[in-house]
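Numbering (our numbering), first residue to last: 13 to 386.
Glycine residues also receive a C-beta, built at the ideal position from the N, C-alpha and C atoms.
These notes concern the structure reproduced below.
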């Protein structure tokens, strides 16, 4: 006799349509299945519809997200998630993730634990640069991520900006999940501190405690699917509604950059607050001017202006050029006196950023720094 645990939960499925976001309710059934010794293999009831198979027991971020991603597709939106390690049970499933020892997209099998598995985004698509070993989430994303993003945003898969979002979501969201699940560290040597609040850690903490007298792992797995799914959708929406428009703003500013001899260029963003750093570095490469821009000027939320050094690499605090050492750490009148520029606000102690009350002021700070006339 089959022993089954049934659970029911509603998960919000956010879809962007006709320029706005709407919320759709998607019913998610999760059940754990195990066979008693000597029982015949299970047959999927015809009325059950599509099923997504994954392992039971302790769950992880990758299979929770893999199941969520599959359920964003029209083919699996009403699918039941079956949690089992029994091959006879898994053989009845329409798609299987993170269990079974097989990676074969033609057969809809997406496991990464088998000996010899070494697939990465680069091995599956040589145009992609990422070489981190894929987890079940990464495998599903590699094969269905574009469809999921298109469905979420109400875009066509052929939209030229969709591929940019697909890449960015992998780089800044999916790759971390792949790496953590496969035990790939982000650094060499001993860390100075541990991070226990990343998405993978938060999913791990959802597992029932070892001494819980009445554990409900299937309900908690649904909670993990909801958690990972909401964060995935939030990231997709951010890139579509904020990051992509920022790229156009940065491109326009680059095309109007101010050159300062052979030293470099200054870029002025007419609207502050936009995410410019990764766009700037990428667009420099596209325009064949790598490393040219040294400072970016923009208005802050208070109406004042900032001059900020361009980082050497994305995420680095080291800039291509820092503001002069003798100005660093000074503020207001003391800074204005040292620079000879009225209405200065501050220069950070590390020299990566400074502030002035006017646009003309930050232009002067940047130009004098580049020309070395400080």
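Fully enclosed beta strand (DSSP E) runs of no fewer than 3 residues occupy 92 to 95, 107 to 109 of the region 70 to 152, in order along the chain. Shortest Cα-Cα distance from residue 228 to any of 70, 209, 62 involves 70.
Taking the Cα of residue 336 as reference, the smallest distance to any Cα among 230, 361, 314, 63 is reached at 361.
Along the region 213 to 275, the alpha helix (DSSP H) occurs as fully enclosed runs of 4 or more residues at 229 to 250, 256 to 267, listed in sequence order.
When DSSP states are grouped into helix, strand and coil, residue 44 belongs to the strand group. Pairing residue 158 with residue 174 gives a Cβ-Cβ distance under 8 Å. Assigned with DSSP and collapsed to three states, residue 327 falls in coil, not helix or strand. Note: residue 307 is bridge-paired with 278, 321 in the DSSP secondary-structure output. Non-local C-beta neighbours of residue 186 in its own chain, meaning closer than 7 Å and more than five positions away in sequence, comprise 149, 150, 153, ordered along the chain. Cβ-Cβ distances below 6 Å link residue 376 to 353 in the same chain, with the five nearest sequence neighbours on each side left out; the list follows chain order. It is roughly 15 Å from the alpha-carbon of residue 290 to the alpha-carbon of residue 264. Exposed is the label assigned to residue 205, since fewer than 16 other Cβ atoms lie within 10 Å of its Cβ. Take residue 129, set aside five residues on each side of it, and the residues of its chain with a beta-carbon closer than 7 Å to its own are 115, in chain order. Residue pairing by DSSP places residue 351 in no beta bridge whatsoever. Exposed is the label assigned to residue 329, since fewer than 16 other Cβ atoms lie within 10 Å of its Cβ. In this structure, DSSP gives residue 358 an extended state, which the three-state scheme calls strand.
Across the structure, residue 233 and residue 371 are spaced so that their CA atoms are roughly 52 Å apart. Taking a 10 Å sphere around the C-beta of residue 82, we find 16 or more other C-beta atoms and assign the residue as buried. Between residue 340 and the set 273, 350, 156, the nearest pair of CA atoms involves 350. DSSP places residue 366 in the strand class (E or B) of the three-state scheme.
When secondary structure is reduced to three states using DSSP, residue 66 falls in the strand class.
Here residue 332 carries a coil assignment [DSSP, helix/strand/coil]. With a contact defined as Cβ atoms closer than 8 Å, residue 266 and residue 279 qualify at about 6 Å. Between residue 380 and the set 358, 301, 272, the nearest pair of CA atoms involves 272.
Linking residue 120 to residue 127 through their CA atoms gives a straight-line distance of about 19 Å. For residue 206, the secondary structure class from DSSP, reduced to helix, strand or coil, is coil. In the three-state reduction of the DSSP assignment, residue 380 falls in the helix class, which pools H, G and I. Excluding residues up to 5 positions away in sequence, 162, 174 lie with their Cβ nearer than 8 Å to the Cβ of residue 168 in the same chain. With a contact defined as Cβ atoms closer than 8 Å, residue 100 and residue 61 miss out at about 19 Å.
With 16 or more other Cβ atoms inside 10 Å of its own Cβ, residue 68 counts as buried. Secondary structure at residue 340: coil, using DSSP grouped into helix, strand and coil. The continuous alpha helix (DSSP H) containing residue 172 extends over residues 172 to 181.
The alpha-carbon separation between residue 323 and residue 65 amounts to approximately 45 Å.
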